[in-house]
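Asker: The UniProt record's numbering applies: residue 1 is where the sequence shown begins, and numbers increase by one.
C-beta atoms are modelled at their ideal positions from N, C-alpha and C, and glycine is treated no differently.
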Amino acid sequence: MKEKILDEILPKVKNPVQYVGNEFNSVHKEIKADTIRYAFAFPDIYEIGMSHLGMKILYHLLNEQEDIFCERVFAPMIDMEREMRKHKIPLFALETMDSITNFDFLGFTLQYEMSYSTILNMLDLSNIPLLAKDRTKEHPFVMVGGPCAYNPEPLADFVDIVVLGEAEDVLLEILEVYRKWKKTKGSRMDFLYSILSIKGVYIPAFYNVKYDEEGKIKKFYPLISDAPQRISKRIIKDLDHAYYPSKMIVPYTNITHDRVMLEIFRGCTRGCRFCQAGMIYRPVREKSFKTLQSIARKLIQNTGYEELSLSSLSTSDYTQLMSLVKNLIQEYQDKGVGLSLPSLRIDSFSVKLIEEIQKIRKTGLTFAPEAGTQRLRNVINKGVTEKDLLNSTEEAFKSGWGTIKLYFMIGLPTETYEDIEEIANLGNKVLEQYYQVDREKRNKNVKITISTSSFVPKPFTPFQWEPQNTIEELKEKQKFLKRKIKNRRIHYSWHDSKTSFLEAVFARGDRRLGKVILTAWQKGCKFDGWNEHFNFSSWIEAFKENRIDPDFYANRRRQYDEILPWDFIDIGVTKEFLIREHKNALREKVTPYCRKGCVNCGIQDFDGGWTCYGSC
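1) Ignoring anything shorter than 3 residues, give me the beta strand (DSSP E) runs that lie fully in the region 134 to 191, in order along the chain.
2) Kindly provide the ranges of any beta strand (DSSP E) runs that are 3 or more residues long and lie completely inside the region 361 to 422, ordered along the chain.
3) Contact check, ILE57 vs PRO342 under 8 angstroms by CB: the rounded distance?
4) Nearest to ILE249 by CA position, among PHE69, GLU370 and PHE24, is which residue?
5) Who are the near neighbours of SER615 in its chain, counting only those whose CB is closer than 8 angstroms to its CB and skipping five residues on each side?
6) Exposed or buried, HIS87, counting other C-beta atoms within 10 Å across all chains shown (16 or more means buried)?
7) Give me the residue from PHE69, ASP419 and ILE119 with the minimum Cα distance to ASN102.
8) Less than 8 angstroms between the beta carbons of GLU421 and LYS382, yes or no?
9) Which residues mark the beginning and the end of the beta strand (DSSP E) in which GLU263 is found?
10) How many whole angstroms separate the CB atoms of PHE206 and ILE224, which I take to be in contact at a CB cut-off of 8 angstroms?
11) What residue range does the beta strand (DSSP E) around GLU71 cover?
12) With DSSP run on the structure shown, which of helix, strand or coil describes ASP438?
13) Opposite TRP494 in the DSSP bridges: which residues?
14) Put SER615 into one of helix, strand or coil per three-state DSSP.
15) Are the region 482 to 496 and the region 73 to 87 touching by the rule of at least three beta carbon pairs closer than 8 angstroms?
16) Compare the Cα-Cα distances from LYS133 to each of LEU110, ARG188 and SER51 and report the closest residue.
17) If you measure between the beta carbons of PHE408 and ILE450, is that distance less than 8 angstroms?
18) In or out: GLY427 buried (at least 16 other Cβ within 10 Å) or exposed?
19) Do residue 632 and GLU71 have their CB atoms nearer than 8 angstroms?
20) Between the beta-carbon of LEU61 and the beta-carbon of VAL73, is there less than 8 angstroms?
21) Determine the contact status of THR591 and ASN584, defining contact as a CB-CB distance below 8 angstroms.
22) If you draw a straight line from the alpha carbon of VAL337 to that of GLY49, how long is it in whole angstroms?
23) Is the beta carbon of PRO154 less than 8 angstroms from the beta carbon of LEU513?
24) Decide if HIS139 is buried, meaning its Cβ has at least 16 other Cβ atoms within 10 Å, or exposed.
25) Just list the residues that DSSP pairs ILE235 with in beta bridges.
26) Between TYR417 and the rest of its own chain, which residues show a CB-CB distance below 8 angstroms, the 5 nearest in sequence each way excluded?
27) Measure the alpha-carbon distance for ALA368 versus ARG558 and round it to whole angstroms.
28) So GLY267 is in the alpha helix (DSSP H); what residue range does that whole segment cover?
29) Whose CA, out of VAL17, ASN469, ALA149 and TYR178, lies closest to the CA of ARG37?
30) Report the option in GLU415, ASN531, ASP549 and PHE534 whose CA atom is closest to the CA atom of VAL505.
31) For ASP510, count the other beta carbons within 10 Å of its own beta carbon; 16 or more makes it buried, fewer makes it exposed. Which is it?
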């Protein structure tokens, strides 16, 4: 098959290098009789998937185990899929170009709800039955994890195993059980039953759901006595001693984030009420300065990358950030290695960071005010002010930056058109600051980008009960803001409202949506996160054919006592805390972040107890 791919197909497709593997630092092993073969699948194209930090960590972790061979598989682009189907070539892994059906496990990371139809397409390309109930011992176990797995129910019909939480330990535990099961020659159900007791493992086949006359969940219950009533997420307690690769694969082609990614901590205590990641990844756990210094040195040495990115949910909250930044700049500024930070917190500390970063390569600055008015920022618990933003951008312009990106959300709970208009006004104020800086100090070119996403209510957030704006409401708000942005030096980009609508449907969906996903895929849906491939009308047809109303999931307000599809999952943050935060939002009341004192979110008592910043 390898020769057929290389000789007959690759000359006919765009960017063929993404299908050949053999990149620098990729792993190759001899496959033996007892080798456990794991295919790490990213349900999008190579350039997106290869930017994912989780894949980089788990790929090398698994391959450091003597009897495990982890390979990578991505969704082929449209032209490649066409050739594969034409020549009857199944989906293959990059390292060996072997068919996925030869693997023991196929593990998908769920980063985005709009990838679900692509998952079905990849299963079909692999000649793996789409429905879990139709698979035999000849097929790989299909596993999913990642942020969207915190509501796995829309995919319940298609997956065998769901991993909840951080996967480093739980994956190795699952594979240890598999080693023993493989020798027994038991059934698929025997293996699934044997991993039920592993914390962080959810087996959808062992549970069922009943609905009431209104279509709401009446009961979620296990089908066997040994299946736990609630599933707790897994947490890596000590990141200094947790696995982190000393090398990463260096692609031959451009990828979205083509740089060394240095994870400095996990979790977030800011408490933004729309943010799922800020809740599901609690508690905060930091890596020490010494550990990060050592990892950075090894990664730069072993990859040759010329950019180092500090990765976390809220990089500015790392307690030793200034010392770390100064150290990295001192070590790498004469070696041509740039330093990049994700979106910065908007406050005086970021101004000091800007002063340091400007000593080396300027890679652009991003700030996320999220809302245009202080009232709405209080609603979402975004603890920053307009003054904070303007102080930060003023310092950036004085330091020579010319490109500033400002991220906002539209459709937030309690939002008014005044809130939206103030987004445009805030952009104008930032631009005015540029012109107030002396010509000698400022960059010759200025570009302010205002980018808006549409609010999507997510599980395990204080806004999980809120309805999403309708598609028409979101479109009107986007048009309104576009009219208000009149300066040609301020660029406006926005996210498609129809895509956001479906994202909300599947984010809060239940098992009944599985048949909609299947029907939509049968109609040709895939790559739904890409505007050029997204076919909204096919999705609406799929809902109609299955007599399911998508508005029921996206545009309906939930009551506090309603059973939610994800209620059986324990993330440590309690529902009582989320309700309290939702009520605080409606009162426009700000909750201090955890470094200032414990807010009793529940994580302090989870899994043996935690101390966040010494405040709990």
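Answerer: So, from the listed chains and residues:
1) 141 to 145 and 161 to 163
2) 365 to 370 and 403 to 410
3) Locating residue 57 in the sequence shown gives position 57, counting from the first residue. Locating residue 342 in the sequence shown gives position 342, counting from the first residue. Contact flag wrong, Cβ pair sits at about 18 angstroms.
4) The residue given as residue 249 occupies position 249 in the sequence shown. Selected option, being the one with the closest Cα: PHE24.
5) Counting from one through the sequence shown, the residue named residue 615 turns up at place 615. Bear in mind that the predicted position of SER615 carries a pLDDT of just 49, short of 50, making it unreliable; the figure below should be weighed with that in mind. Excluding residues within five positions, the ones whose Cβ falls inside 8 angstroms are CYS594, ARG595, LYS596, GLY597 and CYS598.
6) Here residue 87 is taken as the residue at index 87 of the sequence shown, counted from 1. The residue in question, HIS87, is exposed, as its Cβ has fewer than 16 Cβ neighbours within 10 Å.
7) Counting from 1 along the sequence shown, the entry for residue 102 is found at position 102. Closest option to ASN102, Cα to Cα, is PHE69.
8) Taking the first residue of the sequence shown as 1, we reach residue 421 at position 421. Taking the first residue of the sequence shown as 1, we reach residue 382 at position 382. Contact: no.
9) In the sequence shown, the residue the question calls residue 263 occupies position 263. Taken as a continuous stretch (DSSP letters only), the beta strand (DSSP E) holding GLU263 covers 260 to 263.
10) Sequence index remark: in the sequence shown, residue 206 carries index 206 (1-based). Sequence index remark: in the sequence shown, residue 224 carries index 224 (1-based). Confirmed, Cβ separation roughly 5 angstroms.
11) Here residue 71 refers to the residue found at position 71 of the sequence shown. Run containing GLU71: 68 to 74, per the beta strand (DSSP E) assignment.
12) Within the sequence shown, numbered from 1, the residue matching residue 438 stands at position 438. Coil.
13) Here residue 494 is taken as the residue at index 494 of the sequence shown, counted from 1. The partner list for TRP494 (beta bridge, DSSP) reads THR452.
14) In the sequence shown, counting from the first residue as 1, residue 615 sits at position 615. Per-residue confidence for SER615 stands at a pLDDT of 49, beneath the threshold of 50, marking its modelled position as unreliable; no derived number is given.
15) no
16) Counting from 1 along the sequence shown, the entry for residue 133 is found at position 133. Of the listed residues, the one whose Cα sits closest to LYS133 is ARG188.
17) As a first step, residue 408 is located in the sequence shown; it is residue number 408 there, counting from the start. As a first step, residue 450 is located in the sequence shown; it is residue number 450 there, counting from the start. In contact: PHE408 and ILE450 (Cβ atoms closer than 8 angstroms).
18) For the purposes of this step, residue 427 is taken as residue 427 along the sequence shown, with counting starting at 1. GLY427 comes out buried.
19) Look at the range of the chain in this structure, 1 to 616, and you will see that residue 632 is not part of it.
20) As a position in the sequence shown, residue 61 is number 61, starting the count at 1. As a position in the sequence shown, residue 73 is number 73, starting the count at 1. The answer is no: Cβ separation not under 8 angstroms.
21) The residue given as residue 591 occupies position 591 in the sequence shown. The residue given as residue 584 occupies position 584 in the sequence shown. Yes.
22) Translated into positions along the sequence shown, residue 337 becomes position 337. Translated into positions along the sequence shown, residue 49 becomes position 49. Near 24 angstroms, if we compare the C-alpha coordinates of GLY49 and VAL337.
23) On the sequence shown, position 154 is the one that residue 154 refers to. On the sequence shown, position 513 is the one that residue 513 refers to. Contact: yes.
24) Position 139 of the sequence shown, counted from the start, is the residue given in the question as residue 139. Result: buried.
25) As a working mapping, residue 235 is identified with position 235 in the sequence shown. Paired residue(s): none; ILE235 is not in a bridge.
26) For the purposes of this step, residue 417 is taken as residue 417 along the sequence shown, with counting starting at 1. Answer for TYR417: LYS477 and PHE480, listed in chain order.
27) Stepping through the sequence shown from its first residue, residue 368 is reached at position 368. Stepping through the sequence shown from its first residue, residue 558 is reached at position 558. Their backbone Cα atoms lie some 28 angstroms apart in a straight line.
28) Numbered from 1 along the sequence shown, position 267 holds the residue referred to as residue 267. Where GLY267 is concerned, there is no enclosing alpha helix (DSSP H), given that its DSSP letter is neither H nor E.
29) Residue numbering aside, residue 37 sits at position 37 when the sequence shown is read from its first letter. Here the closest residue by C-alpha is TYR178.
30) Residue 505 sits at position 505 when you count from the first residue of the sequence shown. The candidate whose alpha carbon is nearest that of VAL505 is ASP549.
31) Residue 510 sits at position 510 when you count from the first residue of the sequence shown. Result: buried.
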